[in-house]
Amino acid sequence: MPTVSELHLHPVKACGRIEVDEATVGPHGFVGDREWQVCAEDGTPLTQRTHPMLATVRPELIDGGLMLRAPGRADLAVEHPGDGAEPVTVKELTGTEVELVDAGDAAARWSSGLVGESVRLYAIGATYQRPLGGPLPWASAALGDLCPMLLANDASLLDLQAAATAPFGMERFRPNVVIEGVPAWDEDTWAVVRIGEATAVGGVPWPRCAVPQVDQETGERHQEPAKVLAATRWCLEAVGAPEGLAHLFEGSTLFGAGVGMDPVGATIRVGDEVEVLERREPFILR
Numbered sequence: 008m009p010t011v012s013e014l015h016l017h018p019v020k021a022c023g024r025i026e027v028d029e030a031t032v033g034p035h036g037f038v039g040d041r042e043w044q045v046c047a048e049d050g051t052p053l054t055q056r057t058h059p060m061l062a063t064v065r066p067e068l069i070d071g072g073l074m075l076r077a078p079g080r081a082d083l084a085v086e087h088p089g090d091g092a093e094p095v096t097v098k099e100l101t102g103t104e105v106e107l108v109d110a111g112d113a114a115a116r117w118s119s120g121l122v123g124e125s126v127r128l129y130a131i132g133a134t135y136q137r138p139l140g141g142p143l144p145w146a147s148a149a150l151g152d153l154c155p156m157l158l159a160n161d162a163s164l165l166d167l168q169a170a171a172t173a174p175f176g177m178e179r180f181r182p183n184v185v186i187e188g189v190p191a192w193d194e195d196t197w198a199v200v201r202i203g204e205a206t207a208v209g210g211v212p213w214p215r216c217a218v219p220q221v222d223q224e225t226g227e228r229h230q231e232p233a234k235v236l237a238a239t240r241w242c243l244e245a246v247g248a249p250e251g252l253a254h255l256f257e258g259s260t261l262f263g264a265g266v267g268m269d270p271v272g273a274t275i276r277v278g279d280e281v282e283v284l285e286r287r288e289p290f291i292l293r
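Here this note's numbering = 1-based position in the sequence shown + 7.
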């Protein structure tokens with residue numbers, strides 16, 4: 008029986024991961040995952056596409072907020088502003104405006120010193136809403152890309168690594184749930200998957216940007232896995248993609264499966280059994 012081999016949270020969008028033994032499904036993804044975001048002065052979110060040094064930030068979830076750590080910088084405890092804080096309108100990755108709460112001047116100074124420009128740190132608050140709408144198969148998402156969570160397959164990583172010109176690990180793809188015990192690329196067909204207490208729904212193979220080229224320990228950019236993905240995982244035509252979504256996949260490389268999860272409050276643990284309940288035709292035929 009396939010099982011969960013790893014669980015990852017990324018408390019601050021584009022910053023380092025936390026490996027956990029269990030995670031709880033919230034209304035926008037896993038509780039504690041991508042609920043904070045560094046933004047430029049105009050409200051645009053920073054990502055590793057343009058600021059790869061964010062990978063070196065090691066956030067830790069603490070009672071009431073975050074502990075921020077990065078090489079060469081003093082640790083900083085950041086208190087969540089609280090549900091009574093005045094919301095600020097900023098942007099998420101696609102440019103849609105969302106309401107977040109400002110984490111304060113100390114967090115802004117710490118983040119600005121890291122990236123070398125004036126930025127501020129924001130968090131999801133009580134008024135946060137990010138309805139995705141349209142053809143997207145999920146009701147909402149936190150501050151990540153367009154899916155609440157990402158599933159990945161250990162065997163698919165091994166298949167890529169065997170054909171690559173340089174080493175890389177699963178952390179480059181920044182998944183939430185890593186699954187073992189299924190064939191390579193089986194996830195291309197997953198539509199609905201039971202994982203422990205939860206059900207992952209709306210599964211679609213996920214397009215990859217330049218972020219997997221960034222070493223998640225050093226922030227340095229490399230050619231792999233972009234080269235091996237382009238050679239083996241290029242989506243020319245997304246046959247069978249959900250209506251209106253083909254443009255997200257065509258002309259991109261694919262790795263992992265984007266999903267939403269139900270019900271809110273369910274807990275997923277390392278070692279939980281995984282069962283594919285519904286399948287779809289793959290976008291990439293091998």
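Beta carbons: idealized from backbone N, C-alpha and C, even for Gly.
| Query | Result |
| --- | --- |
| Inter-residue spacing [alpha-carbon to alpha-carbon] between A133 and D90 | 5 Å |
| In chain order, each beta strand (DSSP E) run of at least 3 residues that lies wholly inside the segment 37-104 | 43-47, 67-69, 72-77, 80-86, 95-98 |
| Coil, strand or helix - H17 by DSSP | coil |
| Span of the alpha helix (DSSP H) around D112 | 112-122 |
| For F175, three-class secondary structure by DSSP | coil |
| Through-space distance from A92 to L164, alpha-carbon basis | 42 Å |
| Candidates I202, F175, P174, of which the one nearest E187 by Cα | I202 |
| Per-residue DSSP class, three states only, for T134 | coil |
| Separation of R41 from M74, as counted between CA atoms | 14 Å |
| Best match in V266, G267, A253, V221 for proximity to P59 [C-alpha to C-alpha] | V221 |
| Where L236 sits in the DSSP three-state scheme | helix |
| Beta-bridge pairing of T31 - partner residues as DSSP gives them | T274 |
| contact_flag[the segment 185-200, the segment 257-270] where n(CB pairs < 8 Å) is 3 or more | yes |
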